[in-house]
Amino acid sequence: MNILYCGDKNIQEGLLLSVLSLRRTVGEALHVYVLTMGHQEGEKTYLPVTDQAVAFLDVQLKAANQDSFVKKLDITDLFTADTPEANLGTRFTAGCMLRLYADLVPELPDRVLYLDYDVICRRDCTAFYAQDLTYPAKKGGAGQEGLEYELAGVLDYYGRFFFRNRPLHMDYLNSGVLLLNLKEIRKTGLFEKCRARCREKEMFMPDQSAINKLCVRKKICPRRFNEQRILRDDTVLQHFTTNFRFFPWFHALCVKPWQVEQVHEKLKLHEYDDLLQEFTQLKPQLF
Numbered sequence: 352m353n354i355l356y357c358g359d360k361n362i363q364e365g366l367l368l369s370v371l372s373l374r375r376t377v378g379e380a381l382h383v384y385v386l387t388m389g390h391q392e393g394e395k396t397y398l399p400v401t402d403q404a405v406a407f408l409d410v411q412l413k414a415a416n417q418d419s420f421v422k423k424l425d426i427t428d429l430f431t432a433d434t435p436e437a438n439l440g441t442r443f444t445a446g447c448m449l450r451l452y453a454d455l456v457p458e459l460p461d462r463v464l465y466l467d468y469d470v471i472c473r474r475d476c477t478a479f480y481a482q483d484l485t486y487p488a489k490k491g492g493a494g495q496e497g498l499e500y501e502l503a504g505v506l507d508y509y510g511r512f513f514f515r516n517r518p519l520h521m522d523y524l525n526s527g528v529l530l531l532n533l534k535e536i537r538k539t540g541l542f543e544k545c546r547a548r549c550r551e552k553e554m555f556m557p558d559q560s561a562i563n564k565l566c567v568r569k570k571i572c573p574r575r576f577n578e579q580r581i582l583r584d585d586t587v588l589q590h591f592t593t594n595f596r597f598f599p600w601f602h603a604l605c606v607k608p609w610q611v612e613q614v615h616e617k618l619k620l621h622e623y624d625d626l627l628q629e630f631t632q633l634k635p636q637l638f
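Written out as structure tokens, the structure is:
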């Protein structure tokens with residue numbers, strides 16, 4: 352199974368936790384690719400994911416399956432050559448947009464599961480990864496032969512109500528869990544168009560907005576493959592996004608899975624205690 356993560360050095364804790372969750376739940380070999388870069392943004396300096404962290408993660412995966420690996424792909428040059436200028440000053444860091452450069456990286460295979468580093472794999476996600484991406488034929492079958500979905504994902508829990516390409520059709524995907532058909536994306540130029548849009552137009556959640564605006568063939572999958580709200584019985588992948596609570600007052604709640612105390616105290620969540628214990632023991636070796 353091919354897995355893709357993106358970001359700078361700041362993702363390393365989440366990366367460890369997410370990779371450990373995959374190791375626990377997926378039986379087959381895991382080929383993990385980490386797109387990273389170095390970037391100076393005003394007074395802030397973003398450094399690439401370290402070689403030490405990647406080597407440590409590689410050892411952890413190989414302990415379960417010798418065919419697994421973690422590979423670092425530093426794409427600083429690609430990013431510098433085509434920076435998303437219009438969105439560099441937003442609250443979203445440049446690292447959030449690195450997935451839009453995946454089509455330019457020849458080392459990445461045709462099919463890859465992109466995960467945000469705040470996603471925990473609760474159950475085996477092989478069914479999501481291996482799903483059929485054949486695009487359904489129109490009535491009569493004219494002009495549809497050989498087409499495939501560019502990507503597959505789950506509706507954004509909040510955004511589905513506010514952002515739509517068609518008024519009565521919910522189609523706004525959350526970009527934290529995406530099955531990428533890079534073979535098709537390279538054909539259609541989807542990510543190339545997304546990079547151009549991020550370069551020219553400031554947007555809220557720039558990479559997610561660009562993907563949803565420009566993707567022509569997206570497959571909408573069940574909620575269990577990107578649960579963004581609360582843990583449910585059938586949850587396969589849980590994504591720790593910002594949520595809103597109404598009691599005892601209206602407030603935003605943002606707890607990341609590596610914030611162990613807050614996971615317990617604020618989310619009242621103990622589903623991952625064994626995983627979090629392992630993470631806590633291994634974390635010091637990342638640095």
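Residues 352 to 638 in my numbering are what the sequence shown lists, from first letter to last.
Glycine residues also receive a C-beta, built at the ideal position from the N, C-alpha and C atoms.
| Item | Value |
| --- | --- |
| Between leucine 455 and the rest of its own chain, which residues show a CB-CB distance below 7 angstroms, the 5 nearest in sequence each way excluded? | Leu429 |
| On the three-state DSSP scale, how would you describe aspartate 425? | strand |
| Would you mind reading off the limits of the beta strand (DSSP E) that contains glutamine 589? | 588 to 590 |
| Judging by CA-CA distance, which residue of Arg548, Ala478, Cys357 is the nearest neighbour of valine 421? | Cys357 |
| Label isoleucine 471 either buried or exposed according to how many other C-beta atoms from any shown protein chain fall within 10 Å of its C-beta, with 16 as the threshold for buried. | buried |
| Cutting at 6 angstroms between CB atoms, please list the residues of its own chain near threonine 592, excluding the five before and the five after it. | Gln579 |
| Taking only runs that begin and end inside the segment 532 to 576, name each unbroken beta strand (DSSP E) of 3 or more residues, in chain order. | 569 to 571 |
| Consult DSSP for isoleucine 581 and reduce its assignment to one of helix, strand or coil. | coil |
| Below 8 angstroms between beta carbons: does that hold for proline 435 and arginine 546? | yes |
| Measure the alpha-carbon distance for leucine 633 versus valine 410 and round it to whole angstroms. | 12 angstroms |
| Could you give the first and the last residue of the continuous beta strand (DSSP E) run that contains glutamate 629? | No beta strand (DSSP E) contains glutamate 629, which is instead part of the alpha helix (DSSP H) from 624 to 633. |
| Can you give me the C-alpha to C-alpha distance between aspartate 293 and cysteine 605, rounded to a whole angstrom? | Nothing about residue 293 can be reported from this structure: the residues present for the chain run from 352 to 638 only. |
| Between the segment 462 to 470 and the segment 554 to 568, do at least 3 Cβ pairs fall closer than 8 angstroms? | no |
| What are the start and end residues of each continuous alpha helix (DSSP H) run of 4 or more residues lying completely inside the segment 398 to 475, in chain order? | 402 to 413, 427 to 432 |
| Alpha carbon to alpha carbon, what distance is there between histidine 520 and alanine 415? | 43 angstroms |
| When the Cα atoms are used, what is the spatial distance from glutamine 403 to glycine 497? | 43 angstroms |
| How is alanine 380 classed by DSSP in three states: helix, strand or coil? | coil |
| By how many angstroms is the C-alpha of histidine 621 removed from the C-alpha of asparagine 577? | 19 angstroms |
| Given a cut-off of 8 angstroms, decide if threonine 387 and aspartate 425 are closer than it, judged by their beta-carbon atoms. | yes |
| Taking the DSSP output, what are the residues bridged to valine 385? | Tyr356, Lys423 |
| Would you kindly report the start and end of the unbroken alpha helix (DSSP H) that includes alanine 481? | It is not in any alpha helix (DSSP H) - alanine 481 carries neither H nor E in the DSSP assignment. |
| Measuring from the CB of phenylalanine 555, is there a heavy atom of the ligand HEM at a distance below 7 angstroms? | The ligand HEM is not part of the structure shown, which contains no ligands of any sort. |
| Per DSSP, what kind of secondary structure is glycine 365 in: helix, strand or coil? | helix |
| According to DSSP, what are the bridge partners of threonine 396? | Gln391 |
| Residue range of the alpha helix (DSSP H) that valine 611 falls in? | 611 to 616 |
| Relative to the C-alpha of lysine 423, which candidate in Val385, Glu499, Leu451 has its C-alpha closest? | Val385 |
| Could you name the residues that DSSP lists as bridge partners for alanine 503? | Leu530, Lys570 |
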